[in-house]
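Data block below; observations after.
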Amino acid sequence: MLPINRNIRSKSNLFFYIIGNNGSGKSTFLNRCTQIYSEDFGKIVALPCGMLDRFEPKSNGKVHYLGYRSKQNAVFLTTLNKSITLLILALLKNSKKALIETVLEDLHMELSFSPAATMWDKRTPQTRRASEIQRAAAESAIERCKKIDWRQISVNDADILEQCLRLDLRFFCKLGPKDKPDRYFPEDLSSGYVQKIRLLLTVAQEAEDNCLILIDEPEISLHVTWQAELPKLFRSTLSSLTKCVVVVATHSPVIISNTTQELDFIYTIPDGETVTSQEIPANIEKLLFKQFHYLSLSSSIVPETCARVLHNLTHDTLTAAQARQELNNFYENDLTPRDKNFLEKALEIIDITNNHDE
């Protein structure tokens, strides 16, 4: 398991990135972490980003489940405006305005509220509607919101708006690029924007000192550049906290190749090897091949390996049999004509060298 017990942890936050193929057990591993490390942390946050996960789909004791498989966490297009707005109001209510600022700054986005679109949903059952007192307080808060920037919303106003939004109030935020005037309801943003915003706001709201945060497949819906930013974004969002441990299960070699800090660790499944980010190959093609046995069309792995093997063979640090076996392993993969040619030529040289030695 991961070396994250109290004996080795300092005040610094630790980040572990779990990488492995489909079916290798990454999600199951995260679920086991909720049990194995329950005594080491004050709170455990289980945050899967896909529709399927291996966590118990309910909060229990220290474990706070925030995946889509529980009714209270389910997010659909029709409820997206509500779920994102609730996260922002909860942060404001809990005096975490600075964390919202950090997330928005990191995402290069700006936030506003849309009081003009406010309404009370008449379709809500009578038993789930706000009381007259709650309505009056919420409407007063909304009037104040019309005149101020979101940063000036008081804790009390955020509290009553959050209460009523969970009932029949429809009062939503808008988001948009910082360098443009346009703002959009969350449901009108791309799936990638929604994924980043929801993920980082949830981490900001739920995290606390001495907390274990388990994140499953955060790369969903994110293009390559946004995947590459995730390690930096996680670190920034948690920068005001101490003794947090973040464990991220991912298929993305782009995320792994952008873990560059001293306290970033890579854990590979199923072999269970833990290395620091500095030990991960800088060349992403090497990482793709090492972990997934994948060779892209532009990969330089085969030529580089041929050169290394022949060099070692001529310097007597590798036998002909060992050299041949290492190169023959490549034939288990789909090879480009270029790579096949490199291998054939290298194997010919090995045979010539071997015959000469004999």
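Here the sequence shown is numbered in full-length UniProt numbering, starting from 1 and rising by one per residue. Cβ coordinates follow ideal geometry from the N, Cα and C atoms, glycine included. Keep in mind it's a predicted model, so treat the numbers as computed, not measured.
Span of the alpha helix (DSSP H) holding residue i?
i: Ala321; result: Ala320 to Asn328
i: Asp334; result: It is not in any alpha helix (DSSP H) - Asp334 carries neither H nor E in the DSSP assignment.
i: Thr85; result: Leu80 to Lys93
i: Leu200; result: Ser191 to Glu206
i: Arg135; result: Glu132 to Cys145
i: Leu161; result: Val155 to Leu165
Tell me whether residue i is buried or exposed, calling it buried when 16 or more other Cβ atoms sit within 10 Å of its Cβ.
i: Lys340; result: exposed
i: Tyr37; result: buried
i: Glu162; result: buried
i: Thr314; result: exposed
i: Pro337; result: exposed
i: Ala307; result: exposed
i: residue 361; result: Here the chain has residues from 1 to 358 only, and residue 361 is not among them.
i: Thr305; result: buried
Which partner residues does residue i have in the DSSP bridge list?
i: Thr259; result: Paired residue(s): none; Thr259 is not in a bridge.
i: Ala46; result: Tyr65 and Leu214
i: Ile266; result: Tyr17 and Val275
i: Ala60; result: Looking at the sequence itself, residue 60 is Asn, so the reference to Ala does not match. Note: Asn60 sits in a beta bridge opposite Val63.
i: Tyr184; result: Leu175
Starting from residue i, trace the beta strand (DSSP E) in both directions and tell me its first and last residue.
i: Thr118; result: Per DSSP, Thr118 belongs to no beta strand (DSSP E) and is neither H nor E.
i: Ala228; result: First-last for Ala228: Val224 to Thr237, but that is the alpha helix (DSSP H), not the beta strand (DSSP E).
i: Pro177; result: Cys173 to Pro177
With H, G and I counted as helix, E and B as strand and the rest as coil, what does DSSP make of residue i?
i: Glu110; result: strand
i: Leu288; result: helix
i: Ala249; result: strand
i: Arg170; result: strand
i: Cys306; result: helix
i: Lys11; result: coil
i: residue 359; result: What the structure shows of the chain is the stretch from 1 to 358, and residue 359 is not part of that stretch, so it cannot be assessed.
i: Ser299; result: coil
i: Lys122; result: coil
i: Asp40; result: coil
i: Ile100; result: helix
i: Thr353; result: helix
i: His311; result: helix
i: Asn341; result: helix
Touching by the beta-carbon criterion (3+ pairs, under 8 Å), the stretch 215–227 and the stretch 76–96 = Short answer: they don't touch.
Do three or more CB pairs link the stretch 164–179 to the stretch 114–129 at distances below 8 Å?
-> yes
If you pair each beta-carbon of the stretch 89–98 with each one of the stretch 199–212, do three or more pairs fall below 8 Å?
-> When C-beta atoms of the stretch 89–98 are compared with those of the stretch 199–212, three or more pairs fall below 8 Å, so the two segments count as touching.
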